[in-house]
Amino acid sequence: MRNAFADEMTKLAQQDSRVVLLSGDIGNKLFDKFKAVDERRFYNCGVAEANMMGVAAGMALSGLRPVVYTITPFTTTRCFEQIRVDACYHKAPVVIVGTGSGLSYAELGPTHHSLEDMAILRTLPGMRVMAPCDPAELRLALQAAMHEDGPVYIRIGKKGEPAIHPQAPNLKIGKAIVVREGTDVALLSAGTIMPEVLKAADLLKAQGISAEVVSFHTIKPLDVAYLAAASKRVKLVATIEEHGLIGGLGSAVAEWRAAANAATPLICFGTPDEFMHEVGSQEYARAKYGLTSENIAVRVRAALSKT
Amino acid sequence: MGSCLSCVDILTALYFAVLRIDPANPRDATRDRFILSKGHGAPALFQVLAKRGFYPESMLDTYGQDGGVFAEHPPTPDHLAGIEAATGSLGHGLPMGLGMALAGRIQHQAYNVYAVLSDGECNEGSVWEAAMLAAAQRVSNLCIVIDFNKWQATGRSREVMALDPLADKWRAFGWNAIEVDGHDMTALLNVLQQHPAKDGRPTAIIAHTIKGKGVSFMEDDNNWHYRIPTADEVIKAKQELGVPA
């Protein structure tokens, strides 16, 4: 996803002279092609994220289209007040990109995990929150963000994420994409956990359960039209995200469900209310927190048996 | 009141002798930008913007009224002509101003960006983050004025944090730092005209000021960081300032 981000940024910079890239001292060499387009539109802002966010807002208020890029905790929780005041309060069209989201950097420890970012950014007035599932969705999310009149947050993975969509989907901010149709359960997925969700759908299919798989690449604004329609069709809704159970996609869907008085049961997959104190790979961390195709299939089947 | 009176001379110098602005065209792309980074001085800025013609002075009569825009801190640019950034949380104005200054460079616009900071505001780490990036990028179209009134909300600014030597700190961070009496209009205009520095460094003017300047019973009394004057005190203050009752 990192390479797709750098490549798409280079294309956007070629097309639009307002596009500026700000990096928090990461991506050495990654942005060489961007710099070759126009060195004056790339800023290494150093390890100083609060200032970087303020600088981006100042640029956006001056007619530019800044994209801020660093590791997710540092471009979200580290500088939350700058996002709130400088970007959101001013409705400044800043695009904030967090790389290595969720448990991508599991082995680096909780300082580098991001399991709260969607939750806190979702609270900010006017902020759009996106979690594309593959490089194609990321490119389309970036393109769409350039046409927004306010701030957009995009959380991405690291590298090597597989392509989910055989061809580029039609991506609109706030409109979920049905990846696979189904009739028994709707598996709503945010971000790069999607391959596990598709595998879970395969496991369920082998057991005679038809699972719809949906990319909720936008968790704010939430696609309530999809939710309203799906909750009438399926017997169970499940949310899956590499993010805490507090405040992310699962919470957003639960808020909708309560407000809409929807009767369809909901189960949520995400990380619990704790920091991970042992080291391990992303696969290890996902398994620890039940974010595997096997666990998703087992819990979905059990929940369906009660409906 | 104290915080407004310490910076109003600086705002007057900027708005009436330095800033290239057109109140009839407040969003002109080529305009100079001004940010009151110490947002709690907004009542002074509101007066200066009205006097400069951004909106009728009569609008100021709505100050503090429910549903209005004039209160403790500046609203966003979309809600009041002449405002470039909604401040109030300290340490935000300089980074935003730096972004505007860099935008001028990117867009080949020759405008300058000015910001007034408070000495207490220099407690904020984001101020020094911005200081280092501005120096690294040699952002010569950025000029800050620090309203150095020696007080912050609860004490002497040099005692709460190790602020001194303030001018040397800015020099060490790569800025062209100049000290001046922030209430001497001739001296203020002289140092403001020294911006931009020929060597590409951003400018930091350390303006020595007095909190509550011009009102005998407010001067250098930090109670006036928060206090609201009584009706009698307003009359007395106006007399001392030579303002018609």
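The listed protein sequences derive, respectively, from chains B and L.
Numbering (the numbering used here) for the first sequence: 492 to 798.
Numbering (the numbering used here) for the second sequence: 23 to 267.
In this text, a Cβ means the ideal position worked out from N, Cα and C, and glycines have one as well.
All of these numbers come straight from a predicted model, not from anything done at the bench.
**Reference K233/L, options V40/L, N244/L, I227/L, closest by Cα** = Checked all of V40/L, N244/L, I227/L; the closest Cα to K233/L is N244/L.
**Request:** From the DSSP output, in three-state form, read off S796/B for me.
**Result:** helix
**Request:** Alpha carbon to alpha carbon, how far is K797/B from T567/B? Give it in angstroms, no decimals.
**Result:** 39 Å
**Prompt:** Taking DSSP as the reference, what is the three-state secondary structure of Y780/B?
**Reply:** In the three-state DSSP reduction, Y780/B falls in the coil class, being neither helix nor strand.
**Request:** Please determine if the region 668–676 of chain B and the region 636–643 of chain B are in contact, where contact requires at least 3 C-beta pairs separated by less than 8 Å.
**Result:** no
**Request:** Specify whether the region 178–188 of chain L and the region 569–583 of chain B touch according to this definition: at least 3 beta carbon pairs, one from each stretch, less than 8 Å apart.
**Result:** no
**Prompt:** Can you find a CB in chain B that lies within less than 9 Å of the CB of A107/L?
**Reply:** yes
**Request:** Answer yes or no: do E151/L and G699/B have a C-beta to C-beta separation smaller than 9 Å?
**Result:** no
**Request:** Compare the C-beta of Y534/B with all C-beta atoms of chain L and state if any pair is closer than 9 Å.
**Result:** yes
**Prompt:** Does DSSP put R509/B in a helix, in a strand, or in coil?
**Reply:** coil
**Request:** State yes or no: is the beta carbon of V546/B nearer than 9 Å to at least one beta carbon in chain L?
**Result:** yes
**Asked** Around the C-beta of K60/L, are 16 or more other C-beta atoms found within 10 angstroms, so that it is buried, or is it exposed?
**Response** buried
**Prompt:** What whole-angstrom Cβ distance do L120/L and V586/B have, given they're in contact under 8 Å?
**Reply:** Wrong, their Cβ atoms sit about 19 Å apart, outside the cutoff.
**Prompt:** Among A125/L, F92/L, G24/L, which one has its Cα closest to the Cα of R55/L?
**Reply:** Measuring from the Cα of R55/L, the nearest candidate turns out to be A125/L.
**Option nearest A204/L by Cα separation, candidates V213/L, G196/L, T98/L, N198/L** = What sits at residue 204/L in the sequence shown is Gly, not Ala. Comparing Cα-Cα distances from G204/L to each of V213/L, G196/L, T98/L, N198/L, the minimum goes to V213/L.
**Request:** Go to P564/B, then tell me how far its alpha helix (DSSP H) extends in each direction, as first and last residue.
**Result:** 563–566
**Request:** Run down chain B in chain order and give the residues with a C-beta less than 7 Å from the C-beta of S148/L.
**Result:** A541, N542, G545
**Asked** Is it the case that the Cβ atoms of N494/B and L512/B are separated by a distance below 9 Å?
**Response** No, Cβ-Cβ distance for N494/B and L512/B is not below 9 Å.
**Prompt:** So, does the CB of E94/L fall closer than 9 Å to a CB anywhere in chain B?
**Reply:** With 9 Å as the cut-off, E94/L does not count as an interface residue toward chain B.
**Item:** In chain order, each beta strand (DSSP E) run of at least 3 residues that lies wholly inside the region 110–162 of chain L
**Value:** 135–140
**Any C-beta of chain L under 9 Å from that of P557/B** = Taking Cβ atoms only, chain L reaches closer than 9 Å to P557/B, which makes this a yes.
**M544/B to C570/B span [Cα, whole Å]** = 7 Å
**Item:** CA nearest to the CA of K524/B, picked from P623/B, K779/B, Q505/B
**Value:** Q505/B
**Request:** Ignoring anything shorter than 4 residues or poking outside the region 563–634 of chain B, list the alpha helix (DSSP H) runs there in chain order.
**Result:** 563–566, 608–613
**Neighbour list for D640/B in chain L, Cβ cutoff strictly below 7 Å** = Within 7 Å Cβ-Cβ: nothing; D640/B doesn't reach chain L, min ~11 Å.
**Asked** Roughly how many whole angstroms lie between the Cα atoms of A719/B and A743/B?
**Response** 14 Å
**Message:** With a threshold of 7 Å on Cβ separation, who are the neighbours of T563/B within its own chain once the five nearest residues in sequence on each side are excluded?
**Reply:** Closer than 7 Å at Cβ, skipping near neighbours: G589, T590, G591, S592, S605, D608, R646.
**Prompt:** By how many angstroms is the C-alpha of L695/B removed from the C-alpha of Q159/L?
**Reply:** Rounded to whole angstroms, Q159/L to L695/B spans 56 Å at the Cα level.
**Prompt:** Could you give the distance in angstroms between the alpha-carbon of L155/L and the alpha-carbon of E732/B?
**Reply:** 36 Å
**Asked** Using the rule of at least 16 other Cβ atoms within 10 Å of the residue's Cβ for burial, across every protein chain shown, is K260/L buried or exposed?
**Response** exposed
**Burial state of A253/L, where buried means 16 or more other Cβ atoms lie within 10 Å** = exposed
**Message:** Can you look up S553/B in the DSSP assignment and give me helix, strand or coil?
**Reply:** The DSSP-derived three-state label of S553/B is coil.
**Request:** Using DSSP bridges, identify the partner residues of S514/B.
**Result:** Beta-bridge partners assigned by DSSP to S514/B: N535/B, Y560/B.
**Prompt:** If we cut at 9 Å on Cβ distances, does H230/L have a partner in chain B?
**Reply:** no
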